[in-house]
């Protein structure tokens with residue numbers, strides 16, 4: 100079976116490109132014609148694909164998480180229906196609309212068709228298939244339950260994507276308000292205040308109050324030293340990013356995030372949800388506990404909690420439980436510790452972890468909704484107050500001018 104890369108026109112007359120598997124170029128053209136695709140150009144890419152076997156592919160680019168989830172679910176359904184893995188990969192590759200993911204699946208099919216392991220073919224695309232995905236597929240291949248594992252991965256990916264989408268959606272309104280408010284204030288200080296200042300300067304009998312002078316000074320500083328503000332902001336941001344990338348900086352910043360009012364609670368809940376859901380998914384997929392703990396420590400995106408997970412892993416390697424070191428760290432909520440402890444004692448750890456992650460996903464959604472519903476009015480009141488003070492500071496001298504003119 101060879102891989103062909105083509106360019107053509109679909110039945111709507113739009114330019115499309117992609118890859119297709121076929122015995123030869125004639126069969127490839129016939130397949131495309133059957134799909135009502137008019138071929139403009141078609142090339143055999145099999146040699147290039149084989150040359151890159153074992154190397155990181157040039158197609159190793161990020162893909163949409165929803166496309167990845169859908170592909171995983173389709174692959175699981177095909178394998179469960181008894182379709183061989185190679186044929187399943189080919190079918191999925193042909194159906195995918197994303198050209199990058201379609202090409203990747205075609206390359207993976209070639210690797211598997213040549214006798215390579217499925218999970219080893221995935222390793223060439225770390226930006227698409229993370230360690231969780233690869234480890235679970237490896238466990239699925241070894242245990243003969245790849246279809247079950249892929250379905251579990253699809254559910255896991257969908258749950259993570261749903262939570263992330265909920266957080267992004269909830270934060271969109273406050274961020275939009277901040278941007279609009281910043282632009283509004285900038286417009287007032289850069290354009291309106293200088294014009295008002297010119298009017299005030301032309302009236303020598305006018306005495307300005309301290310709050311009006313302060314507003315004028317702020318406006319003057321912004322207008323005259325905007326480059327300094329921009330430069331300091333840029334340097335400050337780069338310095339902060341550089342500091343945060345150091346081991347010490349990352350740990351200190353993660354500690355600060357956990358202690359922030361309101362936000363810290365949500366950050367902790369998101370981390371706990373990711374930890375429990377990922378660990379449950381890995382264990383259910385047959386990944387050994389020590390390997391699962393090594394993988395899951397990178398999922399929480401918080402070095403303080405990751406350290407607690409590392410300590411728990413060390414305890415497990417010495418034959419102890421998970422719950423004790425997590426409790427000792429003081430970073431995980433008592434309910435989580437209690438349910439993990441019960442799960443270990445009853446042999447239902449995976450089920451308990453899933454219940455915890457479901458509960459925390461629900462809490463995160465409610466907390467984010469509550470925070471954003473409160474943040475909107477608070478920001479409106481704050482911005483209204485700031486603009487009100489500025490208007491008051493500018494209008495009072497105008498009233499004085501009217502009195503002087505009268």
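In my numbering, the protein residues as written are 100 to 505.
C-beta atoms are modelled at their ideal positions from N, C-alpha and C, and glycine is treated no differently.
Excluding the 5 residues preceding and the 5 following residue i in the sequence, name in chain order all residues of the same chain whose CB lies nearer than 6 angstroms to its CB.
{"i": "residue 111", "result": "none"}
{"i": "residue 117", "result": "198, 201"}
{"i": "residue 424", "result": "410, 411, 414"}
{"i": "residue 249", "result": "171, 174, 175"}
{"i": "residue 379", "result": "449, 452, 453"}
{"i": "residue 262", "result": "460"}
{"i": "residue 148", "result": "Note that residue 148 scores 47 on pLDDT, short of 50, meaning its location in the model is unreliable; the coordinates nonetheless yield the value given after this. Around residue 148: 102, 206, 209."}
{"i": "residue 137", "result": "107, 108"}
{"i": "residue 151", "result": "Legend: pLDDT at residue 151 = 48, less than 50; position of this residue unreliable, value from coordinates given subsequently. Answer for residue 151: no residue qualifies."}
{"i": "residue 373", "result": "398, 399"}
{"i": "residue 457", "result": "none"}
I'd like the list of long-range same chain contacts for residue i, defined as Cβ closer than 7 angstroms, with 5 residues on each side in sequence excluded.
{"i": "residue 489", "result": "287, 314"}
{"i": "residue 390", "result": "234"}
{"i": "residue 353", "result": "401, 402, 403"}
{"i": "residue 220", "result": "207, 210, 211"}
{"i": "residue 468", "result": "269"}
{"i": "residue 342", "result": "348"}
{"i": "residue 369", "result": "463"}
{"i": "residue 383", "result": "251, 449"}
{"i": "residue 392", "result": "408, 411, 412, 415"}
{"i": "residue 163", "result": "197"}
{"i": "residue 377", "result": "231, 395, 398"}
Between which residues of its own chain and residue i is the CB-CB distance below 8 angstroms, once the five residues before and five after are set aside?
{"i": "residue 430", "result": "357, 367, 403, 404, 407"}
{"i": "residue 184", "result": "178, 211, 217, 245"}
{"i": "residue 443", "result": "420, 421, 422"}
{"i": "residue 338", "result": "none"}
{"i": "residue 486", "result": "283, 284, 287"}
Determine the DSSP secondary structure at residue i, reduced to helix, strand or coil.
{"i": "residue 450", "result": "helix"}
{"i": "residue 421", "result": "coil"}
{"i": "residue 114", "result": "strand"}
{"i": "residue 402", "result": "helix"}
{"i": "residue 140", "result": "strand"}
{"i": "residue 342", "result": "helix"}
{"i": "residue 120", "result": "strand"}
{"i": "residue 103", "result": "strand"}
{"i": "residue 108", "result": "strand"}
{"i": "residue 271", "result": "helix"}
{"i": "residue 431", "result": "coil"}
{"i": "residue 471", "result": "helix"}
{"i": "residue 460", "result": "helix"}
{"i": "residue 148", "result": "Reliability of the predicted coordinates at residue 148 is poor, the pLDDT of 47 falling under 50, and the value obtained from them is presented with this limitation in mind. Helix, per DSSP."}
{"i": "residue 160", "result": "coil"}
{"i": "residue 128", "result": "helix"}
{"i": "residue 153", "result": "Residue confidence for residue 153 is low, a pLDDT of 45 falling below 50, so the modelled location carries little weight; the figure read from the coordinates is stated next. Coil, per DSSP."}
{"i": "residue 134", "result": "coil"}
Using only the alpha-carbon positions, how far apart do residue i and residue j sit?
{"i": "residue 415", "j": "residue 387", "result": "11 angstroms"}
{"i": "residue 291", "j": "residue 264", "result": "39 angstroms"}
{"i": "residue 73", "j": "residue 189", "result": "Because residue 73 is not part of the residues shown, which for the chain are 100 to 505, the question remains open."}
{"i": "residue 309", "j": "residue 256", "result": "58 angstroms"}
{"i": "residue 466", "j": "residue 472", "result": "10 angstroms"}
{"i": "residue 240", "j": "residue 247", "result": "11 angstroms"}
{"i": "residue 299", "j": "residue 493", "result": "10 angstroms"}
{"i": "residue 192", "j": "residue 381", "result": "26 angstroms"}
{"i": "residue 120", "j": "residue 142", "result": "12 angstroms"}
{"i": "residue 441", "j": "residue 231", "result": "25 angstroms"}
{"i": "residue 573", "j": "residue 477", "result": "As displayed, the chain neither begins before 100 nor continues past 505, which places residue 573 out of reach and without an answer."}
{"i": "residue 365", "j": "residue 204", "result": "37 angstroms"}
{"i": "residue 548", "j": "residue 305", "result": "No answer is possible for residue 548: it lies beyond the span of the chain, which begins at 100 and ends at 505."}
{"i": "residue 470", "j": "residue 361", "result": "8 angstroms"}
{"i": "residue 223", "j": "residue 278", "result": "40 angstroms"}
{"i": "residue 302", "j": "residue 344", "result": "55 angstroms"}
{"i": "residue 187", "j": "residue 259", "result": "25 angstroms"}
{"i": "residue 394", "j": "residue 351", "result": "22 angstroms"}
{"i": "residue 446", "j": "residue 417", "result": "19 angstroms"}
{"i": "residue 139", "j": "residue 105", "result": "8 angstroms"}
{"i": "residue 331", "j": "residue 324", "result": "11 angstroms"}
{"i": "residue 433", "j": "residue 168", "result": "33 angstroms"}
{"i": "residue 355", "j": "residue 363", "result": "8 angstroms"}
To the nearest whole angstrom, what separates the beta carbons of residue i and residue j, a pair I think is in contact under 8 angstroms?
{"i": "residue 375", "j": "residue 463", "result": "Contact doesn't hold; Cβ gap of about 12 angstroms is too wide."}
{"i": "residue 475", "j": "residue 272", "result": "6 angstroms"}
{"i": "residue 495", "j": "residue 311", "result": "7 angstroms"}
{"i": "residue 321", "j": "residue 289", "result": "6 angstroms"}
Does the beta-carbon of residue i, which I'm using as the reference point, lie nearer than 7 angstroms to any heavy atom of the ligand NAD?
{"i": "residue 102", "result": "Here there are no bound small molecules, and the ligand NAD is not part of this structure."}
* To do: Give, in chain order, every unbroken run of the alpha helix (DSSP H) that is at least 4 residues long and sits entirely within the stretch 174-243.
  => 184-194, 198-212, 217-221, 230-242
* To do: For the stretch 323-397, list the alpha helix (DSSP H) runs that are entirely contained and at least 4 residues long, ordered along the chain.
  => 325-344, 346-358, 362-383, 388-395
* Tell me the start and end of each unbroken beta strand (DSSP E) in the stretch 242-326 that is at least 3 residues and wholly inside, in chain order. => none
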